[in-house]
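Read through the structure below, which is laid out as structure tokens, and then see the notes.
In the working numbering, the protein residues as written are 248 to 635.
In structure tokens:
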């Protein structure tokens, strides 16, 4: 399987001749589409919250994981919470890049930490759209790349991209890192992968993608160069450095796994998730949730199979496979599965490519329906159980 360059330098299958040099100039359209879809989601959330008597701003910046990131930004890693069942939950479960950036923004602006998190996510979402577009354009041309961004913005749990969470930041770093790998910009890819590793545990998937691309390229050229080796060394440093730091603080090399274990997060090959799904197949209305979980899992696996059949570059397959494995095979809170799959954006490439081959009006209608559905679901979700 190829590392790249995909369709670079060839005709765009949907829009005619389009050189790679035009990609940065046309990326604005993808950024604009992303911004429009996310703005729709925020407007629906604001209206829904007003009718429900809740505060949309608090839902986005001062609930769930957002609070933990703010605590880290305020006081460093020194907070624990005893759960009702006796578990001691540590803030070391949360990686440090987002709190660092929140603190930096508040140091140079009048924003509070929660609002700094919203600003960072907003800007990171735009950067993620830009990077995804360049990646998709590199492989399949303008229309498919534009649709890739639109589909990602209109994911059912897309509202998380607009919260003071780390998903948008991670997606931006991952998208640009994968694009750098496809363009064989090894040092840039390594730096971005290292930053991704400081953002979420799944950052190691970005490092693995770089290694896969480097191995393929080394076999092709039979001569790994210094830049490639530098990128390979840099890629895992962020995640490894943080995990080792937790080990020093907690007194053991595997202390980070203990921290995650207290939160109920572990890797069991999907056994707990399977049991959770089976438990939701009896009785009404929980059976609807069970059916939805099965359908979502089948769709994700089917999309990955389509990525393999479509001969996506090996780095993308490695990255997506690891993200999916960590999301579906972990024993953590099962309502978080859709959110954990948000970084697996290459899964949307086969859908984007298929839509790029139909009439523009029909593709636009599909995106519009998905965008409205995402906005309504996101508003009801945040005003209900919300993201764990």
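Beta carbons: idealized from backbone N, C-alpha and C, even for Gly.
Separation of residue 500 and residue 478 (C-alpha to C-alpha, rounded to the nearest whole angstrom) is 25 Å. Residue nearest to residue 447 within the set 285, 485, 599 and 384 is 485 (criterion: CA-CA distance). Three or more beta-carbon pairs drawn from the region 450-466 and the region 432-442 are found closer than 8 Å, and the two stretches are therefore classed as touching.
Listed in chain order, the non-local C-beta contacts of residue 559 below 7 Å within the same chain comprise 593 and 596, local neighbours out to five positions each way being set aside. For residue 446, the secondary structure class from DSSP, reduced to helix, strand or coil, is coil.
The three-state secondary structure of residue 328, taken from DSSP, is strand.
Of 284, 525 and 612, the smallest CA-CA separation from residue 402 is found for 284.
Contact between the region 595-615 and the region 380-387 is established, with three or more Cβ pairs separated by less than 8 Å. In the structure shown, residue 306 falls within a helical segment according to DSSP collapsed to helix, strand and coil.
Of all alpha-carbon atoms in 533, 431, 276 and 358, the one lying nearest the alpha-carbon of residue 308 is that of 358.
A residue is called buried when at least 16 other Cβ atoms come within 10 angstroms of its Cβ; residue 538 does not meet this threshold and is exposed. Inter-residue distance for residue 523 and residue 511 is about 14 Å (C-alpha atoms, whole angstroms). Between the region 272-292 and the region 405-419, the count of Cβ pairs shorter than 8 Å is three or higher; the stretches touch.
Under the three-state reduction of DSSP output, residue 577 falls in the strand class.
Given a length threshold of 4 residues, each whole run of the alpha helix (DSSP H) inside the region 496-526 is given here in chain order: 502-509 and 518-526. With contacts defined as CB atoms closer than 8 Å, residue 576 and residue 567 fail to qualify as a contacting pair. Per DSSP, reduced to three states, the secondary structure at residue 588 is coil, with no helix or strand assignment. Per the C-alpha coordinates, the member of 507, 293 and 296 positioned closest to residue 341 is 507. Within the same chain, 629 come within 6 Å of residue 306 by CB-CB distance, once the 5 residues on both sides are set aside. Judged by DSSP secondary structure, residue 335 falls within the beta strand (DSSP E) whose first and last residues are 335-337. Between residue 313 and residue 327, the CB-CB gap reaches or exceeds 8 Å.
Across the structure, residue 627 and residue 542 are spaced so that their CA atoms are roughly 21 Å apart. For residue 433, the secondary structure class from DSSP, reduced to helix, strand or coil, is helix.
Scanning 414, 410, 409 and 377 for the CA closest to the CA of residue 427 turns up 377.
According to the DSSP assignment, residue 472 belongs to no alpha helix (DSSP H), since it is labelled neither H nor E. Counting along the chain, no alpha helix (DSSP H) covers residue 603, and no H or E run does either. Less than 8 Å separates the beta-carbon of residue 344 from that of residue 445.
Contact check for residue 573 against residue 449 passes: the beta carbons are separated by less than 8 Å. By the beta-carbon neighbour count (other beta carbons within 10 angstroms, threshold 16), residue 351 is exposed. Residue 412 sits in coil when the DSSP states are folded into three classes, being neither helix nor strand. Non-local C-beta neighbours of residue 362 in its own chain, meaning closer than 7 Å and more than five positions away in sequence, comprise 308, ordered along the chain.
For residue 632, no alpha helix (DSSP H) segment is defined, and its DSSP state is neither H nor E. Around residue 503, the same chain offers 490 and 493 as residues with beta carbons nearer than 6 Å, after the five sequence neighbours per side are excluded. Between residue 424 and residue 411 the beta-carbon gap is near 23 Å, outside 8 Å, which marks them as no contact. In the structure shown, the three-state DSSP call for residue 341 is coil.
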